[in-house]
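K.L.:
Handing you a structure now.
Numbering (the working numbering), first residue to last: 2 to 631.
Here you go:
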């Protein structure tokens, strides 16, 4: 007996189990919904792709060229609509067979571009090729306000099920080849305005594109929401059969809305709304939880978190043993690495293979080499190295995070519990010259990733002198002075920090405009400037201590001066991003402070006399805030 061919659902389930999205990735939604979602600074970008294949999705003897071109785009637009988004642009890859002459391809382009123009979807590029039959792959990018995409997985027990039109028209048209049903089959509508209206006004709990038929797509929604549905007399296109209504693909966007909160005038009057599935009076429609073992939630999230610390510690150990630095010069075999690292060959092989599995090493013919990411960020001699922060995370944070439960119970840092140390926070970072250097170089690696984006996000063109308070290795001053040729800068930090800053600033083309000043911004007078900067400073301290520092900065600034803050911003409701939430817990473990929302920073700044507070998300480890003295 030939093996059973896997269904699309089974393939996607297996693929989802294999994919490992990096923890810090801005990808907030992957496989499992109408679109993938990528979080940018102000909104979520939606991405979807759909294929149109000859004799699978259309037939050239029944579909005019313009109808085929329109259908190629409408499928992706319907996915954007089903998440409440608006399209931005699209990419088209088209493989054209020999039979498609100039007249046919011109018609295809007319249909495609006409719908693109109607919906404001720019064609941004793609690819062209020849093939035995016509294949078309369209990727559509849309956008939705951050965190506002309507997902398949949001349905709740007791919700009512709505569809955006009568069902079965496309299947009836395919069967009869005539009349209004045939027009429905040839020219489906993406209903973008409806999707946006539903998201903004009626706020359904879940939506999805109904392209494969109610029976299939409602099952997918129920699966995503871990619910079951009851259907009673679905609204049918005139003359469509129940079979066509249930199983015929439509290319429409149905929604699921909660009875307690989402009503329209038809519903309030006790009448069926447009496309509403109405039950007999004795049985209310709704969604009920699945109760069987087979439909328990996907455990991959929990399993991934169970293993997450193992992956981190694997990288920590390899760096500590010198693996990446040893491989910087070129590939090496197990015996060479074991000898240079002073490690057991059998045990080291497991570590190296695990690093290869994580993408940190490449293994070929029994020899190991650094991956590009390891070469750039884990070798100590790299200008972009994060090795210092990895080392600090291994030697310090890893031990302190082991006491997170106690930190949460008691509400304080864990220096005494983990190391028997007490006193001012930064005394622990700077116990020895080596410890100080490790910490500073770790921060420098993060700074080289984020500081250029901070000075791009905030316009500093109107200022003449920037002083970075607690500026460490000078990465923010360097980024600002390199971007603004008229700007002069200074790093103001503790005396022990200045030699490390001098070393890092030396290669910068702006080094002649950067001054190094030793001092304590809490105790000493601040150097004159018309814009001060504090990067990863305020999150270390309590509100009282921040207030004293902000008062001092405000007093030192001239009228029209400003303060630039580089800190990770929490969402207004503190529900994300995860990186900021994790950093806030890290502040609990290590310091007196926490991460904050823009509103919380605004309150602190305005209490000190600042005005015109603006915030910008950068997509890097820190965001940007500018506050002015008026």
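Built from N, CA and C at the ideal position, the CB exists for glycine as well.
Under 6 Å Cβ to Cβ from residue 627, same chain only, skipping five residues before and after it: list those, please.
P.N.:
What you label residue 627 is simply residue 626 of the chain shown in a count that begins at 1. Excluding sequence neighbours, residue 627 sits near 459, 563, 565, 615.
K.L.:
Let me know if residue 109 comes out buried or exposed under the rule of 16 or more other beta-carbons within 10 Å of its beta-carbon.
P.N.:
Along the chain shown, read from residue 1 onward, the residue named residue 109 stands at position 108. Buried, since its Cβ has 16 or more Cβ neighbours within 10 Å.
K.L.:
State the beta-bridge partners of residue 237 as determined by DSSP.
P.N.:
Sequence index remark: in the chain shown, residue 237 carries index 236 (1-based). The partner list for residue 237 (beta bridge, DSSP) reads 168.
K.L.:
Who are residue 127's beta bridge partners in DSSP?
P.N.:
Indexing the chain shown from 1 puts residue 127 at position 126. Beta-bridge pairing links residue 127 to 93.
K.L.:
Does DSSP put residue 378 in a helix, in a strand, or in coil?
P.N.:
As a first step, residue 378 is located in the chain shown; it is residue number 377 there, counting from the start. Helix, per DSSP.
K.L.:
Express the C-alpha separation of residue 90 and residue 314 in angstroms, rounding to a whole number.
P.N.:
Taking the first residue of the chain shown as position 1, residue 314 is located at position 313. Taking the first residue of the chain shown as position 1, residue 90 is located at position 89. Their Cα atoms are separated by approximately 42 Å.
K.L.:
Give me, in chain order, the residues of the same chain whose beta-carbon lies closer than 8 Å to that of residue 180; leave out the 5 immediate sequence neighbours on both sides.
P.N.:
As a first step, residue 180 is located in the chain shown; it is residue number 179 there, counting from the start. Result list for residue 180: 174, in chain order.
K.L.:
Under 8 Å, do residue 521 and residue 492 count as touching if we go by C-beta distance?
P.N.:
As a first step, residue 521 is located in the chain shown; it is residue number 520 there, counting from the start. As a first step, residue 492 is located in the chain shown; it is residue number 491 there, counting from the start. In this structure, residue 492 does not lie closer than 8 Å to residue 521 by Cβ.
K.L.:
Keeping to the same chain, check which residues put their C-beta closer than 8 Å to that of residue 407; ignore five residues upstream and five downstream.
P.N.:
By one-based count along the chain shown, residue 407 stands at place 406. The residues are 415, 418.
K.L.:
With DSSP run on the structure shown, which of helix, strand or coil describes residue 152?
P.N.:
By 1-based counting over the chain shown, the position of residue 152 is 151. Residue 152 falls in the coil class under three-state DSSP.
K.L.:
According to DSSP, is residue 117 helix, strand or coil?
P.N.:
Position 116 of the chain shown holds residue 117. In the structure shown, residue 117 sits in a helix (DSSP, three-state: H, G or I).
K.L.:
Assign residue 51 to one of two classes, buried (16 or more other C-beta atoms within 10 Å of its C-beta) or exposed (fewer than that).
P.N.:
Taking the chain shown and counting its residues from 1, one reaches residue 51 at position 50. So residue 51 ends up on the buried side.
K.L.:
Rounded to the nearest angstrom, what separates residue 185 and residue 167 at their Cα positions?
P.N.:
Position 184 of the chain shown, counting from 1, holds the residue named residue 185. Position 166 of the chain shown, counting from 1, holds the residue named residue 167. Distance between the alpha carbons of residue 185 and residue 167 is about 11 Å.
K.L.:
List the whole-angstrom C-beta distance separating residue 334 from residue 367, where the pair is believed to meet the contact cut-off of C-beta under 8 Å.
P.N.:
As a working note, residue 334 is residue 333 in the chain shown. As a working note, residue 367 is residue 366 in the chain shown. Indeed they touch by this definition, with Cβ atoms about 6 Å apart.
K.L.:
For the candidate residues 169, 487, 592, whose alpha-carbon lies nearest to that of residue 539?
P.N.:
Position 538 of the chain shown, counting from 1, holds the residue named residue 539. Ranking the options by Cα distance to residue 539, first place goes to 592.
K.L.:
Out of 113, 53, 83, 87, state which residue places its alpha-carbon closest to the alpha-carbon of residue 137.
P.N.:
The count along the chain shown starts at 1 and reaches residue 137 at position 136. Of 113, 53, 83, 87, the residue nearest in Cα terms is 53.
K.L.:
Just checking: is the beta-carbon of residue 478 within a distance shorter than 8 Å of some beta-carbon in chain B?
P.N.:
Any reference to chain B falls outside this structure, which holds one protein chain only.
K.L.:
Does the separation of the CB atoms of residue 85 and residue 164 fall below 8 Å?
P.N.:
Locating residue 85 in the chain shown gives position 84, counting from the first residue. Locating residue 164 in the chain shown gives position 163, counting from the first residue. Cβ distance not < 8 Å, so residue 85 and residue 164 don't count as in contact.
K.L.:
From 325, 550, 457, pick the residue whose C-alpha is nearest to that of residue 386; which is it?
P.N.:
By 1-based counting over the chain shown, the position of residue 386 is 385. Of 325, 550, 457, the residue nearest in Cα terms is 325.
K.L.:
Helix, strand or coil for residue 516, going by three-state DSSP, please let me know.
P.N.:
In the chain shown, residue 516 corresponds to position 515, counting from 1. Residue state, collapsed to three classes: strand.
K.L.:
Use the C-beta contact count for residue 231: other C-beta atoms within 10 angstroms, 16 or more gives buried, fewer gives exposed.
P.N.:
As a working mapping, residue 231 is identified with position 230 in the chain shown. Label assigned to residue 231: exposed.
K.L.:
Should residue 611 be labelled buried (16 or more other beta-carbon atoms within 10 Å of its own) or exposed?
P.N.:
The sequence position of residue 611 within the chain shown is 610, counting from 1. The residue is buried, with at least 16 neighbouring Cβ atoms inside 10 Å.
K.L.:
In this structure, how does DSSP classify residue 448 when only helix, strand and coil are distinguished?
P.N.:
Taking the chain shown and counting its residues from 1, the one referred to as residue 448 is at position 447. It is helical.
K.L.:
Output the distance between the C-alpha atoms of residue 524 and residue 374, rounded to the nearest integer angstrom.
P.N.:
The residue you call residue 524 lines up with position 523 of the chain shown. The residue you call residue 374 lines up with position 373 of the chain shown. Those two C-alpha atoms are separated by around 41 Å.
K.L.:
Rounding to the nearest angstrom, what Cα-Cα distance links residue 411 and residue 589 in this structure?
P.N.:
Translated into positions along the chain shown, residue 411 becomes position 410. Translated into positions along the chain shown, residue 589 becomes position 588. For residue 411 and residue 589, the distance between alpha carbons rounds to 10 Å.
K.L.:
Who pairs with residue 137 in a beta bridge, going by DSSP?
P.N.:
Within the chain shown, numbered from 1, the residue matching residue 137 stands at position 136. DSSP, once it has assigned bridges, lists 53, 95 as partnering residue 137.
K.L.:
Compare the beta carbon distance of residue 101 and residue 130 with 8 Å and say whether it is the shorter of the two.
P.N.:
Against the chain shown, residue 101 aligns to sequence position 100. Against the chain shown, residue 130 aligns to sequence position 129. No, these two residues do not count as a Cβ contact at 8 Å.
K.L.:
Starting from the Cα of residue 211, find the closest Cα among 247, 606, 371 and give me that residue.
P.N.:
Residue numbering aside, residue 211 sits at position 210 when the chain shown is read from its first letter. Here the closest residue by C-alpha is 247.
K.L.:
Tell me whether residue 302 is buried or exposed, calling it buried when 16 or more other Cβ atoms sit within 10 Å of its Cβ.
P.N.:
On the chain shown, residue 302 is found 301 positions in, with the first residue counted as 1. So residue 302 counts as exposed.
K.L.:
Select from 202, 98, 229, 309 the residue whose C-alpha is nearest the C-alpha of residue 162.
P.N.:
As a working mapping, residue 162 is identified with position 161 in the chain shown. Nearest C-alpha to residue 162: 229.
K.L.:
With a CB to CB cut of under 8 Å and the five nearest residues on each side skipped, what residues in its chain are close to residue 465?
P.N.:
Counted from its first residue, the chain shown places residue 465 at position 464. For residue 465, where only same-chain residues beyond five positions count, the Cβ hits under 8 Å are 487, 488, 489, 531.
K.L.:
Is it right to say residue 259 is buried, meaning 16 or more other beta carbons lie within 10 angstroms of its own, or is it exposed?
P.N.:
Position 258 of the chain shown, counting from 1, holds the residue named residue 259. Because the pLDDT of residue 259 is 43, which lies under 50, any placement of that residue in the model is unreliable, and the number read from its coordinates should be weighed accordingly. Residue 259 is buried by the Cβ-count criterion.
K.L.:
Going along the chain, which residues of its own chain have a beta-carbon closer than 7 Å to the beta-carbon of residue 462, five neighbours each way excluded?
P.N.:
Taking the first residue of the chain shown as 1, we reach residue 462 at position 461. Same-chain partners within the cutoff: 485.
K.L.:
On the criterion of 16 or more Cβ atoms from any shown chain inside 10 Å, does residue 409 qualify as buried, or is it exposed?
P.N.:
Taking the chain shown and counting its residues from 1, the one referred to as residue 409 is at position 408. When all chains shown are included, residue 409 counts as exposed.
K.L.:
Would the region 77 to 84 count as touching the region 35 to 47 if we require 3 or more Cβ pairs under 8 Å?
P.N.:
Yes, they touch.
K.L.:
Classify residue 625 as buried or exposed, calling it buried when 16 or more other Cβ atoms lie within 10 Å of its own Cβ.
P.N.:
Locating residue 625 in the chain shown gives position 624, where the first residue counts as 1. It is buried - the Cβ of residue 625 has at least 16 other Cβ atoms within 10 Å.
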